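To keep things clear, I will list the structure first and then write my remarks on it.
Numbering (the numbering used here), first residue to last: 6 to 722.
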């Protein structure tokens, strides 16, 4: 009797270890199909089950359900079910999917078991476990396993399967998190290579693609046309109807360009109303002529603008590679020079384009004076920018006023600004003005600009400013720069060169900020992965938590962390802490006592993120210690040590009851408000809760086995 008891315990303990050992496989799965298939297959490989599959109920049609994954011959058996069996099975799957607790079916003639009864040893019973799988706390599917058994099943088996369902939900959520991070990375890469207003390629992307196009032209023994295109009547549209209408014109023209060109060609916005086209695969001059005539026909059609219809003419300067065998930047300068000639000959020209090689000999009365390209940094750029420096402070103050009027209609920006008190808001505007002056600084170097832009990008990442809002802000910058240029006494050449300098600097600004945001998010994802690995090591609960808090304080923007639980009076006790000593000292200094979170609803400490997380068993955050009423009990102390936000993450037992709370402090307002970091914290809470359940489960099993061995030895002695 004792041997059988020990054997059953050891057998199920082995199952537990096997299932928990799958965590690494689950987390590293490349997609959800692989993840689910691995789980079902390994459940069958354990030898304890005859069926394992994941089903998703069809709430619209009760006679259908979707099999997402199955192990062994499960799919074949499910395909052979009768309509009555399928209906009954869908009812069971649907019920299990939308419950918080596993369902156990021991009915002998249940449709869940009859189809698999032939796989069980003769005379054995079959018990079906239906385990709900929640994805981001939303019912998503159910894991169905059938266990054959000769004797009664231990409750440990059901508990283990329940934990496996939670593990699956967490793994799926982490997969979604990685996918979201990848999507954000792709979006950031797209925005860094495309013009914020028109969606066309920007100068940065053009710089990467032009050498590739030149190499293809050489390899295929064809010509590449580099076309500089400019609108002839864009300024009157802006002057008459304003920049907003001018933007509509630029966007509409860009759409026409995209539709007119082939997929192998490229349209990029140089800045202002200038565009660069790369037209590949040209074998004869007539082919280029037909392409340009087709472009003209499309671009010459009237433009429907908010305040009326207009027609605009374009001018194009073209150079052909490899006939013009120069470096990429030289090709662009040559196309720009040809455009200059074309615009100067607008009254007498027969066509609206000029070829560079046509105007190097007899076509010009005088040698062509090529305007040199002005780099965006350095002495030449500095000389041009000095023309703006005489009244720069007044200009930046006007700019900031307009900028905040513009972002006041953006809901995301409004939410962020509401986290700031009056002094913080004033400081932000001062910092914004200083950053603007830096962008216009004649002595600014590219390296300094990139470093400063990355620092600003990190701050934007911390407060949760999205890529779309950042693009909107850069677009406002560009509009204001263009408006600034129109107020200056500049020649057409100076205006054009300054416009290109400012456009390129803003392109670098956007690119560096987006890369910084991606780097911050990747760091959070990496630390979450490290915590998961830490939870699978053989550590005591104390060792795990001490290492956990050190690791979490490596998260960008996190300035302290502690784990605590309430005493019988509802006052939280600190169990583990890291980097919170300055806050504790500040609390003593400001209030003469240690104010801890409190579960008593009549206390102000009840409103904090820590107490709410424990009370409701869900994560709760404080977006701003400066303005959020929930932080009033600690406001002065927190501000004095640089704490601006916090989040409470409950640690739950296997019944989802709170045991303790992990509290993180942020050095920036809104650090934990972005959906990405909320999801990170959800996964973090699950991993820590699983680590606690694993520690407590191992401890219980170890004691039980030792006691049984002792009893057996005593009995035989």
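We put the beta carbon where it would ideally sit given N, CA and C, even for glycine.
The model shown is predicted, which means the values in this text are computed figures rather than measured ones.
Scanning its chain for C-beta atoms nearer than 6 Å, with the 5 sequence neighbours on each side dropped, one finds around residue 200 the residues 207, 274, in chain order. Membership of residue 314 in the beta strand (DSSP E) is indicated by the continuous run 313 to 315. With fewer than 16 other CB atoms across the displayed protein chains lying within 10 angstroms of its CB, residue 543 is exposed. Taking 8 Å as the cut-off, the Cβ atoms of residue 342 and residue 322 count as close. Rounded to whole angstroms, the separation of the alpha carbons of residue 229 and residue 407 is 43 Å. Closest option to residue 614, judged by alpha-carbon separation, among 626, 312, 605, 76: 626. Taken in chain order, the complete beta strand (DSSP E) segments of 3 residues or longer contained in the region 106 to 189 are 108 to 110, 130 to 140, 143 to 154. For residue 655, the enclosing beta strand (DSSP E) begins and ends at 650 to 657. According to the DSSP assignment, residue 516 belongs to the alpha helix (DSSP H) that extends over 497 to 540. Non-local beta-carbon contacts of residue 46 in its own chain, meaning distances under 7 Å to residues more than five positions away in sequence, involve 76 in chain order. Between residue 294 and residue 231, the CB-CB gap reaches or exceeds 8 Å. Remark: C-beta atoms of residue 357 and residue 347 approach each other more closely than 8 Å. Residue 578 is not a Cβ neighbour of residue 639, given a cutoff of 8 Å.
Residue 413 carries a coil assignment under DSSP once its states are collapsed to helix, strand and coil. In the structure shown, the three-state DSSP call for residue 463 is helix. Using a C-beta cut-off of 8 Å, the region 670 to 683 makes contact with the region 552 to 563, since at least three inter-stretch Cβ pairs fall below that distance. In the structure shown, the three-state DSSP call for residue 93 is helix.
At a cut-off of 3 residues, the continuous stretches assigned as beta strand (DSSP E) that sit fully inside the region 632 to 701 are 650 to 657, 663 to 671. The Cβ-Cβ distance between residue 604 and residue 514 does not fall below 8 Å.
Leaving aside the five residues that flank residue 379 on each side, the residues in its chain whose CB is nearer than 8 Å to its CB run, in chain order, 385, 386, 389, 502, 505, 506.
The C-beta distance from residue 40 to residue 177 rounds to 7 Å, short enough to fall under 8 Å.
Taking the C-beta atoms as reference points, residue 283 is found nearer than 8 Å to residue 214. By the CB criterion at 8 Å, residue 466 and residue 193 fall outside the cutoff.
In this structure, the alpha-carbon of residue 556 lies about 8 Å from that of residue 535.
The C-beta separation of residue 683 from residue 691 comes to about 13 Å, leaving the pair out of contact by the 8 Å criterion. Around the beta-carbon of residue 698, 16 or more other beta-carbon atoms lie within 10 Å, marking it buried.
Just so you know, the alpha carbons of residue 490 and residue 401 end up roughly 13 Å apart. Listed in chain order, the alpha helix (DSSP H) runs fully inside the region 177 to 253 are 208 to 225, 239 to 246, counting runs of at least 4 residues.
Measuring C-alpha to C-alpha distances from residue 435 to each of 84, 451, 398 identifies 398 as the nearest. Between residue 272 and residue 205, the beta carbon gap of about 5 Å places them in contact (Cβ cut-off 8 Å). Membership of residue 348 in the alpha helix (DSSP H) is indicated by the continuous run 333 to 349.
The Cβ neighbour count for residue 516, taken over all protein chains shown within 10 Å, is at least 16; the residue is labelled buried. Under the 10 Å beta carbon count, residue 235 is surrounded by 16 or more other beta carbons and is classified as buried.
Where residue 571 is concerned, the enclosing beta strand (DSSP E) starts and stops at 563 to 571. Counting other Cβ atoms within 10 Å of its Cβ, residue 518 reaches 16 or more and is therefore classed as buried.
Sixteen is the threshold: when 16 or more other Cβ atoms of the shown chains lie within 10 Å of the Cβ of residue 95, as they do, the residue is buried.
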